[in-house]
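I have placed the structure first, in the form of structure tokens, so that the comments after it can refer back to it.
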Amino acid sequence: MATDAKRPKREDGCSGGSVDEPLENFLMWCDEVKLNLSNKVYLSKEGTAADYGMLAKEDVEEGHVLFSIPRCALLHPGTSKIKKVLEEGQNCLESPSGWVPLLLGLMYEYTSAESHWKPYLSLWPDFRKLDHPMFWSKEEREKLLKGTGIPEAVDTDLTNIQKEYNDTVLPFMRSHPELWDPKQHTLELYQSLVAFVMAYSFQEPVEDDDEDEDKDPNPPMMVPMADMLNHVSNHNANLEYTADCLKMVAVRPIRKGEEIFNTYGQMANWQLLHMYGFAEPFPTNTNDTADVHVTAVYKAAEQAIQNEAEQRLLVDKWKMLCDMDVVQEKGVFVFGKSGSLTDTELYTTLKVICMTKEEFRDFQENEGWEEDEGDEEDSRAAQAMSFEGISALTPQWKRLLHTAAGFTLNLFAEDLESDLRVMEEPKALANLGHRERRALHVRLGQKSIVRKLQQLTATSVNQQR
């Protein structure tokens, strides 16, 4: 989603004193499908965090149903006009993403002039305006987002999208030429619809079932009207699922003129930009995170090695951690604003790396098991890997974390101070384009967390073992 309101509004949801025809058509469609919109709210493009949004026309009390939408008005493979074809080809449409049936349905409905969903889908005449980093040039991603993990995630996305389209989607479309035409239903359109699903789809929560803990998540679906609400971590509305309909409900009182926000979950800024095309302004995102690659901790441990025997011991320790599934080659330790969110894995890694030769041999003989392992160990790890606990760690543990934090900060093109100067200078900030500003918020969120880790572990760096 774009992050700036673009047009003035009228309280009837129109803009600039002129009729917003796509919105008018959508609202008429909502009436036809029995979508019940409260008279206390309205849609607009002014005063919103992103493009279309929902605002309160008058004060809204907690628990008020802002709108309800019957399940027959949700868009997914089971409600698409080509439901039967998708069901018959189910075995041919399996893929790692699990999105192929929905995307095929969207391609058909989006390009069909007679589609039941046309008034809804016409709200997005150009999906590239969502401005996901997948639509940026590779050079732009590398320049603005280096070190954030987003360029690598996008490269993986684009590779997977192309493979899925060529290997699964294209053969299926060619077997149904009466429904799809590869000249119209192109890879570019498919990629754009992937971004649309990333940004606007919903997944119904899986019901708790102790007997089926590994049950696959429900596939995504499009929920008209719900996808008009923008996101902040401090949201004031939440989507509820019932047997007959879905309801957007106010979770606290909302004042007249206030925007109504849903939540997409506990999303860090890099996840918001990668999946939705926007970021919350720094430092307002309470769910922001930063990754420290496990390889950074290994490199930090290597720096302390003084001889070949210590090198061999470190290799053995790391192999043991890999065998225990504590670390993986491309894994990360995740830090939030209060400390490590992967506390057990990080605690175990630091503990094993810092073991003496004798302690490690005992650890190997017990195959990684220790007497105090379990809830008590997890509680100890959570406390020790919080920012409050990290300041009390042993000097050896601190040195590893401090060095790994330094390696992480070196991945970014600019240092934290350079980004902060731009953020604190109104004229410099105003001169940034939308992409530059979003990237700045992402970088600052990550760097500030890693810098805090670095500062908390700085006192013991120069001490000898």
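In UniProt numbering, the protein residues as written are 1 to 465. Note that CB positions come from ideal geometry on N, CA and C, so glycine has one too.
Considering Cα atoms alone, identify which of 430, 231, 177 is closest to residue 267.
231
Considering only the alpha carbon of each residue, which of 67, 29, 417, 25 lies closest to residue 40?
Ranking the options by Cα distance to residue 40, first place goes to 67.
Whole angstroms are fine: how far does the CA of residue 93 sit from the CA of residue 218?
Using only the alpha carbons, I get a separation of about 16 Å.
Please report the distance separating the alpha-carbon of residue 424 from that of residue 282.
11 Å
Note down the Cα distance separating residue 140 from residue 436, rounded to an integer number of angstroms.
9 Å
According to DSSP, which residues form a beta bridge with residue 291?
334
Please state whether DSSP places residue 41 in a helix, a strand or coil.
strand
Leaving aside the five residues before and after residue 100 along the sequence, list all residues of the same chain whose C-beta is less than 7 Å from its C-beta, in chain order.
93, 164, 168, 169
Between which two residues does the alpha helix (DSSP H) containing residue 70 stretch?
Looking at the DSSP string, residue 70 is not in any alpha helix (DSSP H); the run it does join, the beta strand (DSSP E), is 65-70.
Measure the C-alpha to C-alpha separation of residue 329 and residue 111 and round it to an integer number of angstroms.
43 Å
Given 8 Å as the limit, is there contact between the stretch 55-67 and the stretch 245-259, that is, 3 or more CB pairs closer than that?
yes
How should residue 445 be labelled, buried or exposed, when 16 other C-beta atoms within 10 angstroms of its C-beta is the threshold for buried?
buried
Return the bridge partner residues of residue 259 from the DSSP annotation.
55
Using a Cβ-Cβ cut-off of 7 Å (strictly less than) and excluding sequence neighbours within five positions of residue 144, which residues of its own chain qualify?
435, 436, 439
Quick check: what's the CA-CA separation for residue 474 versus residue 201?
Because the chain spans 1 through 465 in this model, residue 474 falls outside it and cannot be assessed.
Please state whether the Cβ-Cβ distance between residue 233 and residue 285 is less than 8 Å.
yes
From the DSSP output, in three-state form, read off residue 92 for me.
helix
Go ahead and pull the three-state DSSP assignment for residue 238.
The answer is strand: DSSP assigns residue 238 an E or B state.
In the DSSP assignment, find the unbroken beta strand (DSSP E) run with residue 246 in it and report its ends.
Counting along the chain, the beta strand (DSSP E) containing residue 246 begins and ends at 245-250.
If you drop the 5 nearest sequence neighbours on each side, which residues of the same chain put their C-beta closer than 7 Å to that of residue 173?
Cβ within range, chain order: 180, 182, 185.
CA-CA distance, residue 89 and residue 159?
24 Å
Nearest to residue 360 by CA position, among 331, 315, 305, 382, is which residue?
315
So the alpha helix (DSSP H) residue 319 belongs to, where does it begin and stop?
308-323
Let me check understanding here. Comparing Cα to Cα, which of 50, 331, 351 lies closest to residue 229?
Among 50, 331, 351, the Cα nearest to that of residue 229 belongs to 50.
When the distance is taken between beta carbons, is residue 441 closer than 8 Å to residue 280?
yes
Let's test the definition: count the other Cβ atoms within 10 Å of the Cβ of residue 75 and tell me whether it reaches 16, buried, or not, exposed.
buried
Under a three-way DSSP split, which group does residue 132 fall into?
coil
Just the Cα atoms here: how many angstroms apart are residue 272 and residue 366?
43 Å
Nearest-angstrom Cα distance between residue 349 and residue 171?
46 Å
With residue 266 as the anchor, note down where its alpha helix (DSSP H) starts and where it stops.
Taken as a continuous stretch (DSSP letters only), residue 266 belongs to no alpha helix (DSSP H), as it is neither H nor E.
Taking the alpha carbon of residue 190 as the reference point, which residue from 108, 138, 453 has its own alpha carbon closest?
108
Using only alpha-carbon positions, find the residue among 419, 452, 412, 20 that is nearest to residue 46.
Closest by alpha carbon: 20.
Using a Cβ-Cβ cutoff of less than 7 Å, which residues in the same chain neighbour residue 412 once the five nearest sequence positions on both sides are dropped?
146, 147, 443, 447
Going along the chain, which residues of its own chain have a beta-carbon closer than 8 Å to the beta-carbon of residue 363, five neighbours each way excluded?
320, 352, 355, 370
By DSSP's criteria, residue 478 is part of a beta bridge. Which residues make up the other side?
The chain is shown only over 1 to 465; residue 478 falls outside these bounds and no answer can be derived.
Helix, strand or coil for residue 278 per DSSP?
In this structure, residue 278 counts as coil in the three-state DSSP scheme.
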